[in-house]
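Quick note on numbering: the UniProt record's numbering labels position 80 of the sequence shown as 80, and the sequence is numbered without any gaps. All residues carry an ideal CB built from backbone N, CA and C; glycine is no exception. Owing to the predicted nature of the structure, the values given are computational and were not obtained by experimental measurement. Report on the structure given below.
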Amino acid sequence: MIKTSFKNSNIEKEIKDFNLARVKEVHDMIENKTGEGSDFLGWVNWPVDFDKNELSDMKKVAEELRSKINILLVVGIGGSYLGARAADEMIRGLYPNDKVELIYIGNTISSTYTKQVLNYVKDKEFGIVNVSKSGTTTEPGIAFRVFEKLLIDLKGKEIARERIVAVTDKEKGALKQLATAEGYETFTIPDDIGGRFSVFTPVGIFPLLVAGVDVDAIFSGAKKAMEDTKNIDNEAYKYAVARHILHTERGYKAETLVGYELQMQTFTEWWKQLFGESEGKDGKGLFPTSCVFSTDLHSLGQFIQEGTKNVLFETIIDVKNPTMDLNVPKNTEDLDGLNYLTSKTFHEINKVALEGVVDAHANTGEVPNIVLEFDKMDGEMFGYAAYWFMKSCAMSGYLLEINPFNQPGVEVYKTNMFKLLKKPGF
Ligand code: PA5
Numbered sequence: 001m002i003k004t005s006f007k008n009s010n011i012e013k014e015i016k017d018f019n020l021a022r023v024k025e026v027h028d029m030i031e032n033k034t035g036e037g038s039d040f041l042g043w044v045n046w047p048v049d050f051d052k053n054e055l056s057d058m059k060k061v062a063e064e065l066r067s068k069i070n071i072l073l074v075v076g077i078g079g080s081y082l083g084a085r086a087a088d089e090m091i092r093g094l095y096p097n098d099k100v101e102l103i104y105i106g107n108t109i110s111s112t113y114t115k116q117v118l119n120y121v122k123d124k125e126f127g128i129v130n131v132s133k134s135g136t137t138t139e140p141g142i143a144f145r146v147f148e149k150l151l152i153d154l155k156g157k158e159i160a161r162e163r164i165v166a167v168t169d170k171e172k173g174a175l176k177q178l179a180t181a182e183g184y185e186t187f188t189i190p191d192d193i194g195g196r197f198s199v200f201t202p203v204g205i206f207p208l209l210v211a212g213v214d215v216d217a218i219f220s221g222a223k224k225a226m227e228d229t230k231n232i233d234n235e236a237y238k239y240a241v242a243r244h245i246l247h248t249e250r251g252y253k254a255e256t257l258v259g260y261e262l263q264m265q266t267f268t269e270w271w272k273q274l275f276g277e278s279e280g281k282d283g284k285g286l287f288p289t290s291c292v293f294s295t296d297l298h299s300l301g302q303f304i305q306e307g308t309k310n311v312l313f314e315t316i317i318d319v320k321n322p323t324m325d326l327n328v329p330k331n332t333e334d335l336d337g338l339n340y341l342t343s344k345t346f347h348e349i350n351k352v353a354l355e356g357v358v359d360a361h362a363n364t365g366e367v368p369n370i371v372l373e374f375d376k377m378d379g380e381m382f383g384y385a386a387y388w389f390m391k392s393c394a395m396s397g398y399l400l401e402i403n404p405f406n407q408p409g410v411e412v413y414k415t416n417m418f419k420l421l422k423k424p425g426f
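What follows is the structure, given as structure tokens:
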């Protein structure tokens, strides 16, 4: 379901000649859980191992909640919200025709944003899902306090209790304690799955169920990707090898993931977290960036075409079948001179843009381009693609000889912030 093309990357031969024994070694480390950080490999077989009873409980709770609300506030930061948002936007689009809207809070401490969301929801029917594995992260913690209080003030404790769900560790952390004390429905984040690998757990699945998304299709796509990557000769590993060669042999420092669909923008944000937090350590790793074309063709496109060379390469997401399409309408006067496009749909024009840009950037601009073809943008494709990137990230991280499953660097800012805020114990 993802076809790779390296013909514009200028490293086809190196990919073919890459040390397969090393790929096999890393593959075995992932599958047999023998590498560094292997206690966080619960996601590898999750598409078949996930708790089916928990899924059916989530379905019931989500349906009940859906019948009562028009807005679900998803509280979380990093891996605790990006996957749900990436899936929601990719699958439902940016202006979905559905009764429930998802709004994300706790990913910022911006007072203006938080206050604006507060003003926006205060006269609407809303519920809250609070997602935090540690249960102690400051940003979602303070946002939850604000919106929990608002809901209780507006509706009273009983109704608030029916509309608040926690997704957290099975026993540890302040959120678990709070949810137990208040009697909030709780779903569990498995111990052996870290935030950026958690979209198929209740972290991603519960909010998506409330949004009315077909999560069975997501699991089916993820399972297919899991099966397709059980063998070392797979496209996800080829992509990992290509980025490894471009980084370590050709000296590229950054990769930009390019989408041609605005509804894929948060998917690229999710991808940035996945690769950035997994690989950026020990002074190593490609800096992951992202673009959405055409809009960024009119900004970063200039840099990519003619700016500093040998720094950045592109990975393009080429979506074959759009969710919707439309024609350029005919106009008898043709004052804008666009009648020559009326035999084409927007998607056809978008595809021509992609072809022209790949040629311009790769051949004239000498920027390596990897192209990943996605069939479409539905639940199955999301599940497939998310799992596919996780697997290539594990391969890519271990090829770099780092632990892809920790994030020690994230703690540095937290400790500074706690000291400055005079948190007890810091
Ligand atoms: O990938 C990760 O592990 C992080 O991005 C976490 O998801 C993020 O820091 C949020 O942590 P928590 O879920 O504990 O609130």
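Simplified DSSP state of residue i, which is helix, strand or coil
i, result
"Ser-278", "helix"
"Lys-3", "strand"
"Asn-369", "strand"
"Ser-299", "coil"
"Glu-249", "helix"
"Asn-8", "strand"
"Phe-194", "With the sequence shown as reference, residue 194 is identified as Gly, and Phe is not the correct amino acid for it. In the structure shown, Gly-194 sits in coil (DSSP, three-state: anything other than H, G, I, E or B)."
"Ala-254", "strand"
"Ser-290", "strand"
"Val-199", "coil"
"Phe-374", "strand"
"Tyr-384", "helix"
"Leu-65", "helix"
"Val-26", "helix"
"Ile-15", "helix"
"Val-44", "coil"
"Glu-185", "strand"
"Leu-72", "strand"
"Leu-102", "strand"
"Gly-79", "helix"
"Gly-259", "strand"
C-beta atoms of residue i and residue j nearer than 9 angstroms
i, j, result
"Ile-15", "Ala-236", "no"
"Ile-128", "Val-117", "no"
"Ala-86", "Trp-270", "yes"
"Glu-314", "Pro-368", "yes"
"Val-75", "Pro-140", "yes"
"Arg-196", "Leu-274", "yes"
"Gly-397", "Ser-278", "yes"
"Glu-261", "Val-213", "no"
"Met-58", "Ile-205", "yes"
"Glu-63", "Leu-209", "yes"
"Leu-151", "Ile-164", "yes"
Exposure of residue i, with buried meaning 16 or more beta-carbon neighbours within 10 Å
i, result
"Gln-263", "buried"
"Asp-265", "For the sequence presented, residue 265 should be read as Gln rather than Asp. Counting Cβ neighbours within 10 Å, Gln-265 comes out buried, since at least 16 surround it."
"Asn-119", "exposed"
"Ile-402", "buried"
"Met-417", "exposed"
"Ile-349", "exposed"
"Ile-189", "buried"
"Tyr-239", "buried"
"Ile-109", "exposed"
"Asn-327", "exposed"
"Ser-9", "buried"
"Asp-39", "exposed"
"Asp-88", "buried"
"Val-311", "exposed"
Residue from the options whose Cα sits closest to the Cα of residue i
i, options, result
"Gly-78", "Pro-96, Ser-132 and Pro-424", "Ser-132"
"Gly-93", "Ala-394, Phe-382, Lys-414 and Phe-405", "Phe-382"
"Lys-391", "Ala-21, Asn-8 and Met-29", "Met-29"
"Arg-243", "Lys-330, Ala-254 and Tyr-413", "Ala-254"
"Leu-65", "Val-258, Val-100, Phe-275 and Asp-17", "Val-100"
"Asn-45", "Glu-158, Ala-386 and Met-226", "Met-226"
"Arg-22", "Ser-220, Lys-272, Asp-233 and Phe-206", "Asp-233"
"Ile-370", "Leu-335, Gly-259, Thr-415 and Glu-306", "Gly-259"
"Ala-385", "Thr-415, Ser-220, Asn-331 and Gly-212", "Ser-220"
"Gly-106", "Val-121, Ser-134 and Leu-73", "Leu-73"
"Lys-376", "Val-357, Val-210, Leu-341 and Asp-325", "Asp-325"
"Glu-36", "Lys-423, Gln-407 and Pro-424", "Gln-407"
"Pro-364", "Ile-164, Ser-294 and Gly-301", "The amino acid at residue 364 is misidentified as Pro; the sequence shows Thr. Answer by Cα proximity: Gly-301."
"Val-121", "Val-213, Lys-149 and Val-61", "Lys-149"
"Leu-372", "Ile-316, Gly-156 and Pro-47", "Ile-316"
"Leu-257", "Val-203, Lys-33, Val-292 and Gly-251", "Val-292"
"Pro-329", "Thr-323, Tyr-340 and Asn-321", "Tyr-340"
"Asp-98", "Arg-163, Phe-303, Thr-168 and Ile-71", "Ile-71"
"Val-167", "Tyr-81, Leu-154 and Thr-112", "Tyr-81"
"Asp-123", "Ile-142, Leu-154, Thr-112 and Gln-177", "Leu-154"
"Lys-281", "Phe-405, Ala-84 and Val-26", "Phe-405"
Residue i at chain D interface by Cβ criterion, 9 angstroms
i, result
"Asp-39", "In the displayed structure, chain D is absent; only one protein chain is listed."
Exercise for review: Would you mind listing the alpha helix (DSSP H) stretches within the stretch 112-179 that are 4+ residues and don't spill past its ends, in chain order?
Suggested key: 138-155 and 157-163
Review point. Which runs of the beta strand (DSSP E) spanning at least 3 residues fall entirely within the stretch 293-370, listed in chain order?
Key: 312-319
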